[in-house]
Every structure is written in C-alpha cells, then in structure tokens.
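To convert, count from 1 in the sequence shown and add 219; that's my numbering. Every residue gets a Cβ at the ideal spot worked out from N, C-alpha and C, and that includes glycine. Please read all numbers here as calculations on a predicted model, not as lab measurements.
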Amino acid sequence: MQADFWVTDANAGLLTDAYELTMLQAYWREQMIGPAAFSLYMRRLPKSRNYLIACGLDDVLRFLERLHFDADAIDYLSTLGRFDRAFLEWLAGLRFTGSVWAMPEGTPAFAEEPLLEVEASLPEAQLLETFVMNQVHFQTMAASKGARVVHAAAGRQVVDFGLRRIHGADAGLKAARAFHIAGVHATSNVLAGKAYGVPIAGTMAHSYVQAHETELDAFRAFARAWPETILLVDTYDTVRGVRNVAALARELGDEFRVRGIRLDSGDLHALAVEARAILDEAGLRDVRIFASGGLDEHEIERLLSRGAPIDAFGVGSLMGVSADAPYLDSVYKLVEYSGQGRTKLAPKKRILPGRKQVFRMESNGESSGDVIARAEETLPGRALLVHVMHNGRRTQAGTESLEAARSRAQQELARLPARVRAITPAEPQYPTRLSIELERYWMELSANVGESAPGDGA
Numbered sequence: 220m221q222a223d224f225w226v227t228d229a230n231a232g233l234l235t236d237a238y239e240l241t242m243l244q245a246y247w248r249e250q251m252i253g254p255a256a257f258s259l260y261m262r263r264l265p266k267s268r269n270y271l272i273a274c275g276l277d278d279v280l281r282f283l284e285r286l287h288f289d290a291d292a293i294d295y296l297s298t299l300g301r302f303d304r305a306f307l308e309w310l311a312g313l314r315f316t317g318s319v320w321a322m323p324e325g326t327p328a329f330a331e332e333p334l335l336e337v338e339a340s341l342p343e344a345q346l347l348e349t350f351v352m353n354q355v356h357f358q359t360m361a362a363s364k365g366a367r368v369v370h371a372a373a374g375r376q377v378v379d380f381g382l383r384r385i386h387g388a389d390a391g392l393k394a395a396r397a398f399h400i401a402g403v404h405a406t407s408n409v410l411a412g413k414a415y416g417v418p419i420a421g422t423m424a425h426s427y428v429q430a431h432e433t434e435l436d437a438f439r440a441f442a443r444a445w446p447e448t449i450l451l452v453d454t455y456d457t458v459r460g461v462r463n464v465a466a467l468a469r470e471l472g473d474e475f476r477v478r479g480i481r482l483d484s485g486d487l488h489a490l491a492v493e494a495r496a497i498l499d500e501a502g503l504r505d506v507r508i509f510a511s512g513g514l515d516e517h518e519i520e521r522l523l524s525r526g527a528p529i530d531a532f533g534v535g536s537l538m539g540v541s542a543d544a545p546y547l548d549s550v551y552k553l554v555e556y557s558g559q560g561r562t563k564l565a566p567k568k569r570i571l572p573g574r575k576q577v578f579r580m581e582s583n584g585e586s587s588g589d590v591i592a593r594a595e596e597t598l599p600g601r602a603l604l605v606h607v608m609h610n611g612r613r614t615q616a617g618t619e620s621l622e623a624a625r626s627r628a629q630q631e632l633a634r635l636p637a638r639v640r641a642i643t644p645a646e647p648q649y650p651t652r653l654s655i656e657l658e659r660y661w662m663e664l665s666a667n668v669g670e671s672a673p674g675d676g677a
C-alpha cells in the first residue's frame, strides 16, 4: 500500500502527538466528555519582537470543519496494539461540534493574550492541540517577521524569495500567505499564487546567464523573451553587468523596455550607488534597482539609512525561517472544565483560567494598551476576540478574505505607537494587564487548587 507522504484532509486527524490519542482513550473510559475550554497564546514574546501578528486561523477552521478519522486511519491505529476496538469505533464517529473565538488574522497580539479559544467537549477540544499549535505558531511567527521587513522597507516593494530554504512544503506555502497578510507585495512561490491569489514575481537566475556564451548574449535573449523584465547583473562582475544593461539599451533604442536590474551580492550600498550613476548617465532613470541576498529588516534599514538608491527588495532565507526568532513560546492549555476554571502553578508558566476577552484601548487613534479580561466582562476599548465558529461551522466572521486580513494588518499596525512598530526593542514595551476580575479569579483559583483538580496534559 502506498504510504501518505503529504498531509491531506483525509489524514490530517493523524497529524497529532501520540499523547493526544492516549488521553482521548482515557477520557473516553472515564466518560469525561463535559464542556471544556482551551486557550492558545504565547507565554512571552521573543526579545527581538515588540508585537506579533495573529495568523493561521483560516487553516485551523478548515481543519475543524473536516476533522475525521477515516477507515485507513482507524486501521493504522488498530495495528499499534494500544487502543481498544470500542474506542476506535467511537473515534471513527468523532467530529468537531464546538465553538471558536479568535483574534482575526492580521491583528497585533502580545504576551498571554489568547489568539484563539476553543469551547467543546473535553475530547474534541483536547484533540486539536497539536494541529492548532502547528499552524498558528508558524504562521504567526512568519507574519510577525514579514511585518518587520515591510516596515524596514519604508514603502518600497518587498518580494518573498524564501520557499527554497523554508523548512518543508507546507511551511513554504503557508509562509507566503502569512507574508502577504503582513504586507509583503509578492512571492516567488507559484503554488501560493494559485492557492491564495498572491501576486507572483520572478525573472532569471544566475544559471541562465551562465548558460550563454556572454552575459550580454543572455541579457539580449532574455529581453527578447521577456521585454519588461528585471536583469540579474552580478553573475560575473556587477559593475560590468550594469554596463551591459546600458549597452543593451543602446542596441535596442526605443524597443528597450527592461524595468530593472537586480543586485544579489557584494556591498549592496556601494554597488547600488554606482549602478544608479551608470544607469542615469545612460538615460535609464526609469530602470529600478532591486536588491536581494542575505537581507532582513536590519540590513534593509541599514541600507536605506545610508541613502542606498534601492527601489525594491527580495528577501529569502532570513525572513522565511524567521532567523532571529525561529520559534514562539506558544501553548494550548485547558482553562475550564465543566464550568470550573483550571490553572497551573508551575513557575513562569501560569495559566489564566476561564474563557477570556482582550480589550484594546485607544487614544487619539493610537492603541494605548490591552486588558486581558474574563469573557463575560464588558470593559472600555475594542473587544478583539470574535466568534468565528459555532457548532463546528464557521460563522460569518470566520469566512473573511485574505485581502481583509491584509488590510487589517496594515490598519492595526498603523495604530500601534511608533516605538512598538520599530524593529528595535520598544522602551517602554506596549502595556498589557489583567482586569481586576481576572486577576482575582486567577488568585482565588491558584490558592485553592488541589491535587485532585484535573490537569491539562504536559
């Protein structure tokens, strides 16, 4: 039988940690099927992040709508010798029938704020942990990095070049989507273009130039095939490559329609200055300079602060893998079972009990701080968690378009204080606090929790 080497709707239920299924069988045996609430949040932000951009919700909702264990999955689980046949028969009929409240994609988020909360029977809600964390963690990490790169580019075009070095096919696809939400203008990833409608971009690699007898021959041929292209000029000698573009312009005269050149190595500042001078002297003032090669938000900011005449950036590996902060301290924790709050007393790993809401305060059009509150509270400010799924089906709020998420990210980021949007650590940090009611509830529960209180797994 051919093995499944790709995650599909049919086998996604098995994309979980083994302990989720062992817990499910234990819950099933004990008939612990009462209503539960789980919260997904980041315990703390990386030191290099002033904010995060919530992302990945759409994939979570898709997963929940389709969650099932087909005959092939049940057959595989039965071969492990770990699960009761009656439990597997029950598992075959399991579907998600609960509700989800979440920050819409593109919303800036901070430490301990729920990005989403799930309310369902305990087994249903527990089973989601691995997949939900997998999708929200990575896409939030990617969108947060992408937003920083876009901020550093200060309105100049940014193109995602990360696919070839991102860790896996699913990550490469989902990163392109997350970067688009964050404001990145286009991607080299063709499948992302088809799947999400993200604009794609790309012209030539060094191998095309190498395959021709001379660099000028390569430019000449490629410009015939793709007149409004961007020519890669650093295969041999960057300055000579720019001069070859100028020579091609003289050859073609009015038929020259090349839109830009790409610098991909060396001292990008010095080369951009020299390239701009050569192009301007040749009357090619409309030919843009596109830079790539080892770029991130810090290098882009450094180049632009020195006045580099660069019009657009291609950013690959360092954005694709979020090199400076390659993981987030994300958790998915039980916060309520059978109407009772649940918490955890481990040092520096507190769990805020009960379902929650986050209120964003604003003053003069600027976000001034967040309050994490109990779900039933009504406080000043804008409530960020919205009801996106009910009885296992998306609500209207859970069906928004990718472009709506992109627009939200731009608008919400613009509301953050300038020090928080910056790529340097914010001083002071964006203020967040617990409401009086949530603080009291957490302290009371922490004081009274006993060894008999159900835990929430590892």
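In chain order, 271, 330, 547, 548, 549 place their CB closer than 7 Å to the CB of residue 261, counting only its own chain and leaving out the 5 sequence neighbours on each side. Ranked by Cα distance from residue 378, the options 363, 399, 361, 553 are led by 399.
When DSSP states are grouped into helix, strand and coil, residue 614 belongs to the coil group. When the Cα atoms are used, residue 396 and residue 603 turn out to be separated by approximately 22 Å. In the DSSP assignment, no residue is bridged to residue 383. Membership of residue 589 in the beta strand (DSSP E) is indicated by the continuous run 585-593. Here residue 352 carries a helix assignment [DSSP, helix/strand/coil]. Contact between the stretch 624-631 and the stretch 330-342 is absent: fewer than three C-beta pairs spanning the two stretches fall below 8 Å. Burial state of residue 589 is buried, judged by a 10 Å Cβ sphere holding 16 or more other Cβ atoms. Residue 468 is positioned such that its CB atom lies closer than 7 Å to that of residue 475.
Excluding the 5 residues flanking it on each side, residue 537 has same chain C-beta neighbours closer than 6 Å at 515, in chain order.
Less than 7 Å separates the beta-carbon of residue 494 from that of residue 461. Per DSSP, residue 641 lies in no beta strand (DSSP E) segment and is marked neither H nor E. Taken in chain order, the complete alpha helix (DSSP H) segments of 4 residues or longer contained in the stretch 220-305 are 237-249, 276-285, 290-298. Annotation: the continuous beta strand (DSSP E) that includes residue 609 extends over 605-609. Of the candidates 297, 325, 240, 643, 325 places its Cα closest to the Cα of residue 620. Between residue 617 and residue 315, the C-beta spacing is not below 7 Å. Per DSSP, the continuous alpha helix (DSSP H) segment holding residue 457 begins and ends at 457-471. It is roughly 39 Å from the alpha-carbon of residue 561 to the alpha-carbon of residue 415. Between the stretch 571-586 and the stretch 277-293, the count of C-beta pairs closer than 8 Å stays below three; the two stretches do not touch. Counting of Cβ neighbours within 10 angstroms places residue 599 among the exposed residues, the total staying below 16. Sequence-distant Cβ neighbours of residue 286 in its own chain, meaning closer than 7 Å and more than five residues away, are 232, 314, 315. The Cβ neighbour count for residue 409, taken over all protein chains shown within 10 Å, is under 16; the residue is labelled exposed.
In terms of Cα proximity to residue 273, the closest of 628, 659, 653 is 628. The C-beta separation of residue 434 from residue 455 comes to about 6 Å, placing the pair in contact by the 8 Å criterion. Taking all protein chains shown into account, residue 323 has 16 or more neighbouring C-beta atoms within 10 Å of its C-beta and is therefore buried. Within the DSSP secondary-structure output, residue 434 pairs in no beta bridge. Contact check for residue 634 against residue 645 fails: the beta carbons are separated by 7 Å or more. Residue 338 places its beta carbon 7 Å or farther from that of residue 390. Spanning the alpha carbons of residue 429 and residue 568 requires a straight line of approximately 55 Å.
In this structure, DSSP gives residue 451 an extended state, which the three-state scheme calls strand.
Rounded to the nearest angstrom, the Cβ distance from residue 418 to residue 405 is 4 Å, consistent with a contact under 8 Å. Relative to residue 517, the option among 384, 268, 609, 297 whose CA is nearest is 268.
Counting of Cβ neighbours within 10 angstroms places residue 364 among the buried residues, the total reaching 16 or more. Shown here, residue 651 sits in a strand according to DSSP, grouped into three states.
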